[in-house]
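Its first residue numbered 156, the sequence shown is counted upward by one per residue in the working numbering. What follows is one structure encoded as structure tokens, with my remarks underneath.
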Amino acid sequence: MAASLTVSTVAVLQSSRPRASVPTVGRMPPGPRKSLFPKRSPIVSLSPKLNLYFLLCQLFLLFTLWPLFQLCPPGPSFTGLRRPLSLRGGWTPPPTGSSDLTLPFSILSPSILMCLLYLFISALVLAWVFSLICNANDCCMLFCTSLKRETLGDGEEPAKTSLESILMALDDENMRPKKVKYHTKQLYISAHHGELQKVIHLLVDGKDPNYLMDSQNKRTPLHAAAAEGHQEVCHMLVQAGANLDTFDEEQRTPLMDSCENNHLDTVKYLLRAGAALSHKDIKGSTCLHLAAKLGHYDVVQHLLSKASKQVNCQDDGGWTPITWAIEYKHRELVLLLLSRGADVNIRDKEENICLHWAALSGSDDIAQILLDARCDLHAVNVHGDSPLHIAARENQLECVTLLLSQGADVNLKNREGETPLDCCIYNSKVWVSLNTNKKLTDARRSRDSHREKVLCRDISRGYEAVPITCVNGVDSDSCPDNYKYVPDSCVTSPINIDKDITHLQHCVCTDDCSSNTCMCAQLSLRCWYDKEGRLPLEFCQKEPPVLFECNHACSCWRSCRNRVVQNGLRARLQLYKTQRMGWGVRALQDIPQGTFICEYVGEIITDAEADGRENDSFLFTLDNKVGDVHCIDARLFGNIGRFINHLCEPNLLAVRVFTMHQDLRFPRIAFFSSKPIQSGDQIGFDYGDHFWKVKSKYYSCQCCSPKCRHSSAAIAQNLERVASPAPAQQSGAHTAQTQS
Numbered sequence: 156m157a158a159s160l161t162v163s164t165v166a167v168l169q170s171s172r173p174r175a176s177v178p179t180v181g182r183m184p185p186g187p188r189k190s191l192f193p194k195r196s197p198i199v200s201l202s203p204k205l206n207l208y209f210l211l212c213q214l215f216l217l218f219t220l221w222p223l224f225q226l227c228p229p230g231p232s233f234t235g236l237r238r239p240l241s242l243r244g245g246w247t248p249p250p251t252g253s254s255d256l257t258l259p260f261s262i263l264s265p266s267i268l269m270c271l272l273y274l275f276i277s278a279l280v281l282a283w284v285f286s287l288i289c290n291a292n293d294c295c296m297l298f299c300t301s302l303k304r305e306t307l308g309d310g311e312e313p314a315k316t317s318l319e320s321i322l323m324a325l326d327d328e329n330m331r332p333k334k335v336k337y338h339t340k341q342l343y344i345s346a347h348h349g350e351l352q353k354v355i356h357l358l359v360d361g362k363d364p365n366y367l368m369d370s371q372n373k374r375t376p377l378h379a380a381a382a383e384g385h386q387e388v389c390h391m392l393v394q395a396g397a398n399l400d401t402f403d404e405e406q407r408t409p410l411m412d413s414c415e416n417n418h419l420d421t422v423k424y425l426l427r428a429g430a431a432l433s434h435k436d437i438k439g440s441t442c443l444h445l446a447a448k449l450g451h452y453d454v455v456q457h458l459l460s461k462a463s464k465q466v467n468c469q470d471d472g473g474w475t476p477i478t479w480a481i482e483y484k485h486r487e488l489v490l491l492l493l494s495r496g497a498d499v500n501i502r503d504k505e506e507n508i509c510l511h512w513a514a515l516s517g518s519d520d521i522a523q524i525l526l527d528a529r530c531d532l533h534a535v536n537v538h539g540d541s542p543l544h545i546a547a548r549e550n551q552l553e554c555v556t557l558l559l560s561q562g563a564d565v566n567l568k569n570r571e572g573e574t575p576l577d578c579c580i581y582n583s584k585v586w587v588s589l590n591t592n593k594k595l596t597d598a599r600r601s602r603d604s605h606r607e608k609v610l611c612r613d614i615s616r617g618y619e620a621v622p623i624t625c626v627n628g629v630d631s632d633s634c635p636d637n638y639k640y641v642p643d644s645c646v647t648s649p650i651n652i653d654k655d656i657t658h659l660q661h662c663v664c665t666d667d668c669s670s671n672t673c674m675c676a677q678l679s680l681r682c683w684y685d686k687e688g689r690l691p692l693e694f695c696q697k698e699p700p701v702l703f704e705c706n707h708a709c710s711c712w713r714s715c716r717n718r719v720v721q722n723g724l725r726a727r728l729q730l731y732k733t734q735r736m737g738w739g740v741r742a743l744q745d746i747p748q749g750t751f752i753c754e755y756v757g758e759i760i761t762d763a764e765a766d767g768r769e770n771d772s773f774l775f776t777l778d779n780k781v782g783d784v785h786c787i788d789a790r791l792f793g794n795i796g797r798f799i800n801h802l803c804e805p806n807l808l809a810v811r812v813f814t815m816h817q818d819l820r821f822p823r824i825a826f827f828s829s830k831p832i833q834s835g836d837q838i839g840f841d842y843g844d845h846f847w848k849v850k851s852k853y854y855s856c857q858c859c860s861p862k863c864r865h866s867s868a869a870i871a872q873n874l875e876r877v878a879s880p881a882p883a884q885q886s887g888a889h890t891a892q893t894q895s
């Protein structure tokens, strides 16, 4: 009977389990569980329908045997009849005057009647057993009917009480089957197949929901259920204590398995249950990488709604989710990732950008999308290959045609001295296209003597998170090399900077430090950064406040909102030769107002030492108003900030910032955009009137702004104004002379 109960219940549960629903997160209430049905006698506890069947069976047996009982005398003797009985067998009553009336059959003997009574009782017992079995199936049907009734629809989760009622019912003695000794691995198998009732029985019997399956790469039952999209099984495992973020041998979590297998409802449930989205497997891939690689649009869209900052997360190969989507030609997914802020110019370990991968896959429509998103057409990787080299080598005619139409350089050589024409198959359609373009290009270049050339693919030598290229289209000068690129300020003589961690004021925040209760924010008057890491529009530009970012003594996470400058350069910049101002810096992307651009980095020296140096063109005074005055000299040691020119209409704002120390004598000088900057615009800040009072004797400003204050004409006008007295002063002098 127990076996029948188990099999039938599982069958009913499997046939009626809603597959599109996602269970809620919840635990059983404290205290002893109560059965779904109160304990009653077996007959009374039957459903009304089964009670009717049982009653009809009893009435049938009763009316069948009742005539036989009527033939028996009331006394102890069974040889006489109470009254004559006519049967169709030809039997007639005995002759008149006979003292004993007997039947011609032996069925009325005492032993036969006892057998009939025994059969009657056995029939009752069998009917009762059959009713119990049917009643158990009705109970299971009741559970599933309740579960279906409380399901809210596709994408919704079943009511918590319906799933918990199944657990409660398992404690009912009338519902519990006989225990069978199962190995814990049976829990993994049942979870994989979605056998909800068997999973529940195994969990109730004490099987470990975190059991590691050796033959399945140390995966847990939750891995198996999530990979197959069994939401209800996942819910029961989580309620039983399954670890949401457990790893298998490949460092995969259950959430990763559900993302990889495109089970959106299971993904939603696991995220609501608290599964971490930032875990990486042994290859550095996140859930977003796995879903983007396989083109699971809905899963990627949901993941981005939960963690939009991971859109540019790189795996161990340096590939972002959009890189995987491009390689496998998921066009709609590429558009989605671009709309959520994917950077098409992020470089992988071999310094390929997205356009390299589009050329490799041969997807010209995706390549066009990337070019529209301002992907660098002339970017080269560590081998010196441009996207045109890759497309030519892979014989991708459509991509070659597109890249040539956008102005790709057909004469560019890689490190092996090969042009795209050398990489393709001779006399192929790609070769013909490249050869024709080369002849046209050579003819055009003969008329154009100067063309912007890439002198260095990264002047920071990889020290910055974003490479900084150096180009020259003005003259034949090479990339500047009369300095040492350093990402942080340095010292060449002993300077005592207080970096004692015990002297740092720090916060004890457990959130993202966006509230004004943060100690570091209070030091800055408020938390100035928004969720994008930008300064607000109301930030004072005339007298900007000093910013105190969270430091390594704080209790907050490294990714809190109040850490921007210490994260380093993030904007894409380029060093280029200008027509009038020597080397300058321009933006390669649109930069919103308030965005951190870079620091002014150099050698920290005292003011006295600065006075003794001949070339003071790269000095930046630390106006700290506390203690001795110090300067930053970027002449011998510096970063991209040393090349930023003066603009009379500046688009940069210098702000003093403290990060890893709070020695007020040595603030860091950070440049933020003071207004929106368009891609291709030169960036610059105002050097100040004091600088031009000294330097105007040697050169003038060449910014060519209509509001230029330090051009040759403006300087001459200022000198003329100083030399001639004011009209009011002349009138006053004349009056005084007349009176005298």
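Glycine included, each C-beta is placed from N, C-alpha and C at the ideal position. Since we're looking at a predicted model, the values are computed, not measured.
Check	Outcome
Close Cβ partners of Tyr343 (< 8 Å) along its chain, the five nearest in sequence each way excluded	Tyr366, Met368, Gln371, Arg374, Thr375, Pro376, Ala379
For Ile838, the nearest candidate out of Lys850, Val393, Gly757, Gly739 (CA to CA)	Gly739
Span of the beta strand (DSSP E) around Asp788	785 to 788
The segment 777 to 792 contacting the segment 615 to 631, beta-carbon criterion three pairs below 8 Å	no
Val719 - DSSP class collapsed to helix/strand/coil	coil
Bridge-paired residues (DSSP) for Ala809	Phe826
Residue closest to Lys594, alpha-carbon to alpha-carbon, out of Asp841, Leu576, Gln677, Val555	Leu576
Pick from Ser631, Leu490, Gly843, Leu690 that is closest to Ser772, judged by C-alpha positions	Gly843
Status (buried if at least 16 other CB within 10 Å, exposed otherwise) for Ser241	Summary for Ser241: the model assigns pLDDT 39, below 50, so the residue's position carries little reliability; its value from the coordinates is reported in the next sentence. Classification of Ser241: exposed, given that the 10 Å Cβ count is below 16.
Local Cβ density within 10 Å of Cys668, reported as buried at 16 or more and exposed below that	buried
Nearest residue (CA-CA) to Glu553, options Thr657, Gln734, Tyr684, Gln523	Gln523
Collapsed DSSP secondary structure at Tyr452 in the structure displayed	helix
Coil, strand or helix - Leu702 by DSSP	strand
CB contact flag (His661, Cys675, <9 Å)	yes
Coarse secondary structure for Arg374, derived from DSSP in three states	strand
Exposure of Gly793, with buried meaning 16 or more beta-carbon neighbours within 10 Å	buried
First through last residue of the alpha helix (DSSP H) which encompasses Gln817	Per DSSP, Gln817 belongs to no alpha helix (DSSP H) and is neither H nor E.
Close-in-space but distant-in-sequence residues of the same chain around Pro822 (CB under 8 Å, 5 per side omitted)	Val701, Leu777, Asn779, Arg811, Val812, Phe813
For Trp847, the first and last residue of its enclosing alpha helix (DSSP H)	844 to 850
Beta-bridge partners of Asn800, as assigned by DSSP	Gly839
7 Å CB neighbourhood of Asn566 in its chain, flanking five on each side removed	Thr574, Lys593, Thr596
Element boundaries [beta strand (DSSP E), containing Val740]	738 to 742
Where Thr421 falls, given that 16 or more other Cβ within 10 Å makes a residue buried	buried
Anticipated Cβ contact below 8 Å, His538 with Arg570, distance rounded	6 Å
Spatial neighbours of Pro635 in its chain, beta-carbon cut-off 7 Å, leaving aside the 5 residues before and after	Trp738
Buried or exposed by the 16-neighbour rule on C-beta atoms within 10 Å, applied to Ala395	buried
Expected contact under 8 Å - CB spacing of Ile746 and Ile650 to nearest Å	That belief does not hold up - the Cβ atoms of Ile746 and Ile650 are roughly 34 Å apart, past 8 Å.
Length of the line joining the Cα atoms of Leu124 and Cys715	Residue numbering for the chain in the displayed model covers 156 to 895; residue 124 lies beyond these limits and cannot be assessed.
Stretch pair the segment 756 to 764 + the segment 608 to 618: three plus CB contacts closer than 8 Å	no
Cutoff 6 Å; reference Ala116; Cβ partners in own chain excluding five residues on either side	Summary: the structure shown does not reach residue 116, with the chain confined to residues 156 through 895, and so no result is reported for it.
Where the alpha helix (DSSP H) through Lys464 begins and ends	Here Lys464 belongs to no alpha helix (DSSP H), and DSSP marks it neither H nor E.
Range of the contiguous beta strand (DSSP E) that encloses Glu754	751 to 754
Proximity of Ser425 and Ala381 at Cβ, strictly below 9 Å	First, the residue type needs correcting, since residue 425 is Leu and not Ser in the sequence shown. Going by C-beta atoms, Leu425 is nearer than 9 Å to Ala381.
Environment of Pro861 [buried if 16+ CB atoms lie within 10 Å]	exposed
Ile545 and Cys509 closer than 9 Å at C-beta	no
Cβ neighbour criterion (16 or more within 10 Å) applied to Arg407	buried
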